[in-house]
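Below is one structure, written out as structure tokens, with a few remarks after it.
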Amino acid sequence: INPGDHKLQFVYTLWFSRRSPGNKASSSNYEDNIKMVATFASVEQFWSFYSFLTRPCDLTSSSDYHLFKQGIKPMWEDDANKTGGKWIVRLRKGLASRLWENLILAMLGEQFMVGDEICGAVVSIRFAEDIISIWNRTASDRTITSRIRDTLKRVLNLPLSTIMEYKAHTDSIKDQSSF
Amino acid sequence: GTRIIYERNFLMQMRNSPLAQ
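Here it is in structure tokens:
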């Protein structure tokens, strides 16, 4: 990073994936479809590539951005994720770009205050709704998952009626379904 | 150790910094 840059607590990698509709997710084709886009370690580096990135709302259906700490693959099976889980927030169309930005700024700025628990965040563009999620290492720790939920509510400024769901990755592996 | 914490407002200001262009 350049001298004078504002270093982030962690180095992050952005990944992109797109699934052909109707093609059921399996770990092998998921791994083939996911592409590394960029890695950054400072606030300046983040903004310099983010400015050129297509906004989530402008992506075609079945696309995902995955922003994870460097060294953590955005897969359930990764060592950092395998006993973890995620908070899932379903959004009506049109909100994903703004809320995704709020979420990742909170993550990069270490606003969640849960030590090293956060693994990454995902925005999923789908046909009828969009979904954002934040992944953490320990699905069984209620104190941590509650704190993540409360910060998520605050930074997204969600309407009270928004339904949030926590799902352990072991359950996603069992039913082979992410949401 | 200490953690590097950034508030949203600060990060938004940094968006327009010449170093981030």
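Those protein sequence lines, which keep their order, are chains E and V. The working numbering numbers the first residue of the first sequence as 1 and each following residue consecutively. The working numbering numbers the first residue of the second sequence as 1001 and each following residue consecutively. Where a beta carbon is used, it is the ideal one built from N, C-alpha and C, also for glycine.
Continuous beta strand (DSSP E) stretch holding residue i: start and end
i, result
"E:R90", "85 to 91"
"E:D64", "63 to 69"
"E:V37", "34 to 42"
"E:M164", "164 to 168"
Distance between residue j and residue i (C-alpha atoms, nearest Å)
i, j, result
"E:S48", "E:D175", "39 Å"
"E:Y166", "E:W76", "14 Å"
"E:V43", "V:M1012", "10 Å"
"E:I34", "E:N102", "23 Å"
"E:V122", "E:R149", "15 Å"
"E:S91", "E:T60", "The displayed chain sequence assigns Leu, not Ser, to residue 91 of chain E. Near 16 Å, if we compare the C-alpha coordinates of E:T60 and E:L91."
"E:S51", "E:C57", "15 Å"
"E:V89", "E:P159", "11 Å"
"E:W100", "E:L53", "13 Å"
Given residue i as reference, the closest of the options once Cα atoms are compared
i, options, result
"E:G71", "E:K167, E:F10, E:L156, E:S140", "E:F10"
"E:D64", "E:W135, E:N157, E:H6, E:F16", "E:F16"
"E:S62", "E:R19, E:Q45, E:Y50, E:R90", "E:R19"
"E:I1", "E:Y30, E:Q45, E:T138", "E:Q45"
"E:N136", "E:L67, E:G94, E:T54", "E:L67"
Bounding residues of the alpha helix (DSSP H) (the contiguous stretch that carries residue i)
i, result
"V:Q1013", "1008 to 1015"
"E:W100", "96 to 108"
| task | Determine, using beta-carbon pairs with one atom in the region 98 to 106 of chain E and one in the region 34 to 41 of chain E, whether at least three such pairs fall under 8 Å. | result | no
Unbroken beta strand (DSSP E) runs of length 3 or more, entirely within the region 125 to 149 of chain E: which are they? Runs found: 130 to 136.
- Query: Does the count of Cβ pairs from the region 117 to 132 of chain E and the region 158 to 173 of chain E closer than 8 Å reach three?
  - Reply: no
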